[in-house]
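Those protein sequences? They're chains A and B, same order as listed. Heads up: the first sequence is residues 1 to 224, going by our numbering. Heads up: the second sequence is residues 225 to 448, going by our numbering. Ideal Cβ placement from N, Cα and C applies to all residues, glycine included. One structure below.
Protein chains: 2
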Amino acid sequence: MVAALVGDPARANMLTALMNGRALTASELAQEAGITPQTASSHLAKLEAGGLVEPEKQGRHRYYRLTDDDVAGVLEGLAGLAARTGHMRVRTGPKDPALRRARICYDHLAGDLGVQMLDSLRERNLVKQKKQEIELTAEGERFLARHLQISPDMLSHPRRPVCKACLDWSERRHHLAGTLGAAMMRRFAELKWAARDATPGSRVVNFTRTGEKQFAALFGNGKD
Amino acid sequence: MVAALVGDPARANMLTALMNGRALTASELAQEAGITPQTASSHLAKLEAGGLVEPEKQGRHRYYRLTDDDVAGVLEGLAGLAARTGHMRVRTGPKDPALRRARICYDHLAGDLGVQMLDSLRERNLVKQKKQEIELTAEGERFLARHLQISPDMLSHPRRPVCKACLDWSERRHHLAGTLGAAMMRRFAELKWAARDATPGSRVVNFTRTGEKQFAALFGNGKD
DNA sequence: TTCATGCTTCGATGGTAGCCGAAGCATCGT
DNA sequence: ACGATGCTTCGGCTACCATCGAAGCATGAA
Chain A
1 MVAALVGDPA RANMLTALMN GRALTASELA QEAGITPQTA SSHLAKLEAG GLVEPEKQGR
61 HRYYRLTDDD VAGVLEGLAG LAARTGHMRV RTGPKDPALR RARICYDHLA GDLGVQMLDS
121 LRERNLVKQK KQEIELTAEG ERFLARHLQI SPDMLSHPRR PVCKACLDWS ERRHHLAGTL
181 GAAMMRRFAE LKWAARDATP GSRVVNFTRT GEKQFAALFG NGKD
Chain B
225 MVAALVGDPA RANMLTALMN GRALTASELA QEAGITPQTA SSHLAKLEAG GLVEPEKQGR
285 HRYYRLTDDD VAGVLEGLAG LAARTGHMRV RTGPKDPALR RARICYDHLA GDLGVQMLDS
345 LRERNLVKQK KQEIELTAEG ERFLARHLQI SPDMLSHPRR PVCKACLDWS ERRHHLAGTL
405 GAAMMRRFAE LKWAARDATP GSRVVNFTRT GEKQFAALFG NGKD
């Protein structure tokens, strides 16, 4: 059972460490979880058997990453359920509001801005959403090409969908995942609109001043 | 952590039983999970503390339901991850393999044979199923009258539906509940095709040799 | 080759939590 | 009032599994 895998604290720590999308070595994950390498090895074997993580051998290291963003989505969902038990007490610390506003979910944008972006796309018929299924419209393709230099052929992937709705734990609404979500986040970084926080392991995404403006111009909802 | 709650097999069974949206009493959930009421009570308290289920007091019963469809969504996501690796639950809960094959679920037949029976009914257009709704067809009524001496007027009940799909935890598919499911199980017993196990409290249903044959003749799928 | 690093396997230990029997409340029915 | 039913609490038992030390393989470096 998958939930039992996520249930163990040590494994949960490893998975959250992997939520930022980067691959980490077994020893790094061990340190992250506060356990010895032997124990981590056992855990990672189980996570791999459960299909939650994938190993990649490189020299004498083994890099582990989340299998795909479906896994990331479910983990976000679980975090959301957990957050609500604490009765929003998660308000502690100055880093938290930043995490709510914009963060990395595996490899795409999440948080307030992520939700706002998908809202905007949907509202202007650039995508059509039915439950978890999201489809890019013809207008959407034109929009992406014009404003973000993203072409459809950049998005095709053998096993991963172009668009997918991912449940956002802080907003309790959907944001955009899939190869498009990843490509857009990548473009934001390339355009220097936003960058991942420098502190290692952080999932916070910091927008530059101009980035914030440009983002608002494309996906603004008038409230900002 | 929430995942640990879902991780336990007994609790997971309860939650999947609640996935149809209806509220179930604590004892029904105990039966579904194959555990005693004491144990179930402990589990339900934890699930409630974790915000996954909500109790509703009604007379001397306590009905439990999933808190909201966010919870259901996350559970479905977990099931999706589990399904992908063929990593379905075969874990403990009920320890008895006989319990997997045929058992009582409240008052009707569950387990492998229960699922097989509903499959057969559906396949031969004796019932029509749409999601959790099941409807008896005219052919179905004739079939029941001819082979099991069950007439429609035996099945009417003020508050209970004639047919209902009940999620089978061991098979993770539906079997037949409702007054019809109960009536059929009763008839099987009367015909001495099957009897509940003698050991008190057991939910195992033992089929006789002739019963097994007759059952296969009516609801066989060729595999037996 | 020889040593060092990264990771895995093996074996033993301990803590935790699921489980049930027995008993205790509450509610319902008569 | 009395017993029956549904659910909970308590206490003890047991099984599972995470954990770590030590040893075993790899790979890379010298």
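The Cβ-Cβ distance between Y63(A) and L24(A) falls below 8 Å. In this structure, DSSP gives D232(B) a state outside helix and strand, which the three-state scheme calls coil. Between M243(B) and chain A, the shortest Cβ-Cβ separation is not below 8 Å. Distance check between A422(B) and each of T434(B), R327(B) and L360(B) places R327(B) closest, using alpha-carbon atoms only. For T25(A), the beta-bridge partners assigned by DSSP are Y63(A). Taking a 10 Å sphere around the C-beta of T240(B), we find 16 or more other C-beta atoms and assign the residue as buried. The Cβ neighbour count for G59(A), taken over all protein chains shown within 10 Å, is under 16; the residue is labelled exposed. About 5 Å separates the Cβ atoms of H108(A) and A177(A), confirming a contact at the 8 Å cut-off. Put simply, the region 230-239 of chain B touches the region 258-276 of chain B. At least three CB pairs are less than 8 Å apart. Counting of Cβ neighbours within 10 angstroms places N20(A) among the buried residues, the total reaching 16 or more. Note on the region 159-213 of chain A: whole beta strand (DSSP E) runs with a minimum of 3 residues are 164-168, 173-177, 194-196 and 205-207, in chain order. Looking from the CA of R366(B), the closest CA among I358(B), G275(B), L345(B) and R324(B) belongs to L345(B). For D377(B), the closest Cβ of chain A is not nearer than 8 Å. Shown here, H43(A) sits in a helix according to DSSP, grouped into three states. In the DSSP assignment, no residue is bridged to V74(A). If you look at A110(A), you'll find it in the beta strand (DSSP E) that goes H108 to A110. For P279(B), the enclosing beta strand (DSSP E) begins and ends at V277 to Q282. 8 Å or more divides the Cβ of V298(B) from the Cβ of L242(B). Here the C-alpha atom of I259(B) lies approximately 9 Å from the C-alpha atom of L253(B). Among the residues of the region 268-286 of chain B, those with a Cβ less than 9 Å away from any Cβ of chain A are A273, G274, G275 and L276, in the order of the chain.
Take the alpha-carbon of P321(B) and the one of A3(A): they are about 23 Å apart. Nearest Cα to A273(B) within the set R65(A), E190(A), T85(A) and G114(A): T85(A). Just measuring C-alpha positions, the residue of A138(A), R146(A), P161(A) and V205(A) sitting nearest A110(A) is V205(A). Taking a C-beta distance under 8 Å as the contact criterion, A82(A) and M409(B) do not qualify as a contact pair. In the DSSP assignment, R103(A) falls within the unbroken beta strand (DSSP E) covering R103 to C105.
Bridge partners of V226(B) according to DSSP: none are assigned. Identification of chain B residues near L78(A) by a Cβ-Cβ cut-off of 9 Å yields M225, V226, A227, V230, V298, G301 and L302, ordered along the chain. Secondary structure at Q149(A): coil, using DSSP grouped into helix, strand and coil. Taking each of H371(B), L379(B) and F412(B) in turn and checking the Cα distance to E359(B), the smallest one comes out for L379(B). At a C-beta separation below 7 Å, T39(A) has no neighbours in chain B, since its nearest C-beta there lies roughly 18 Å away.
In this structure, the alpha-carbon of D336(B) lies about 5 Å from that of R325(B). In this structure, DSSP gives L126(A) a state outside helix and strand, which the three-state scheme calls coil. When secondary structure is reduced to three states using DSSP, L323(B) falls in the helix class.
Taking C-beta separations shorter than 8 Å and ignoring five residues to either side along the sequence, the partners of P279(B) in its chain run L268, E272, R286, Y287 and Y288, following chain order.
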